[in-house]
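Counting from 1054, one number per residue, gives the positions in the sequence shown under the working numbering.
Note sheet for the following structure.
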Amino acid sequence: MENQEITPLTPDELRRYINASAEKDYLLVDVRQPSEYVGAHIPGAMLLPLPDLESKLFSLPSDRDLVFYCHVGGRSLAAADLAAGAEVTDKRVFHLHGGIMAWDGKVLPGFPRVQVFDKTAGHDALLMTALDLEKGAFRFYGHLQDNWPEASFSETVAELALAETAHARAIYRFWRQTVPDPPVFEDLFDSLKGDIIEGGESVADVLDRIHNAGDNPCVVVLETALSIEYAAYDLYRTMAEKVASVEAKEAFLSISQAERAHMRKLTAAIPDCPET
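This is the structure:
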């Protein structure tokens, strides 16, 4: 590779790039400091502060596009220059022009709640945790469907409940390869408690907030669900970069891809909410 180019992206270009790309094809890297990342970060971004980047350059994937961003663009350009100069990846190198200050899309506070996963556990246990989180999301959407069957959002949450089951089946296909004599999916899924939702909160706490939302909970329901899906995307995308297991990485990237479709579905349903 000679003279690898660095391509600047505007916020609109980055948004279009993310929407058009599969999760397995790129890595979004936040090169700010941890305190800045906690304040607000783009969902799915991996934190790798610029002072640490040079020593960790070759821990970055060689088979994916690398997209760097920072506060206003200076550090991300330096990071992109380091990656391009070292020929870390066989793919493309981008940076967000103007940084997060120019970004007008969704941001999330805090670190992804990776504590719901025991990162010292084997990949079978990691996948089992993911299965239990999917059961939590299934319970959440099922509760909404049961309690507001005539609401404008009922069809959307019914579709998402089915989708969570499909996610769980996808994870199960990876998980059953890791254990001897696995139970059938239906028996396993029925046995899971699903007390925690994908974003790391308890199902009970989230449902309490919704039930206290008043007589017209439509917007609250959909915005809460959207926040959960963004947090889930952020969590699974982060876990995909932290796990060593190929099976777990593939499962987490696959779920991340599906969470993006959930976000679009929920966003599209908001205009159908009745006016208060």
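Glycine residues also receive a C-beta, built at the ideal position from the N, C-alpha and C atoms.
- For Thr1060, DSSP records a beta bridge to Phe1147.
- Annotation: the continuous alpha helix (DSSP H) that includes Phe1305 extends over 1299–1322.
- DSSP places Asp1157 outside any beta strand (DSSP E), giving it a letter other than H or E.
- By the C-beta criterion, the segment 1137–1145 is judged not to be in contact with the segment 1178–1193, since fewer than 3 inter-stretch pairs fall below 8 angstroms.
- Rounded to whole angstroms, Leu1275 and Ala1136 show a C-alpha spacing of 40 angstroms.
- With respect to Val1084, Phe1111 sits apart: the two C-beta atoms are not nearer than 7 angstroms.
- When secondary structure is reduced to three states using DSSP, Phe1111 falls in the helix class.
- Counting along the chain, the unbroken alpha helix (DSSP H) around Leu1213 starts and ends at 1207–1228.
- Non-local beta-carbon contacts of Phe1227 in its own chain, meaning distances under 6 angstroms to residues more than five positions away in sequence, involve Leu1180, Glu1300, Ala1304 in chain order.
- By the Cβ neighbour-count rule, Glu1203 is exposed, with fewer than 16 other Cβ atoms within 10 Å of its own.
- DSSP places Leu1245 in no alpha helix (DSSP H); its state is neither H nor E.
- For Ala1214, same chain residues with a beta-carbon under 7 angstroms away, outside a window of 5 residues either side, are Phe1191, Tyr1194, Gly1195, Gln1198 in chain order.
- Collapsing the DSSP output to three states places Ser1074 in coil.
- A contact is defined here as three or more CB-CB pairs under 8 angstroms, and the segment 1275–1292 fails this definition with respect to the segment 1144–1158.
- Take Ala1098, set aside five residues on each side of it, and the residues of its chain with a beta-carbon closer than 6 angstroms to its own are Leu1081, Asp1083, in chain order.
- Relative to Leu1306, the option among Glu1066, Thr1063, Ala1183, Pro1102 whose CA is nearest is Ala1183.
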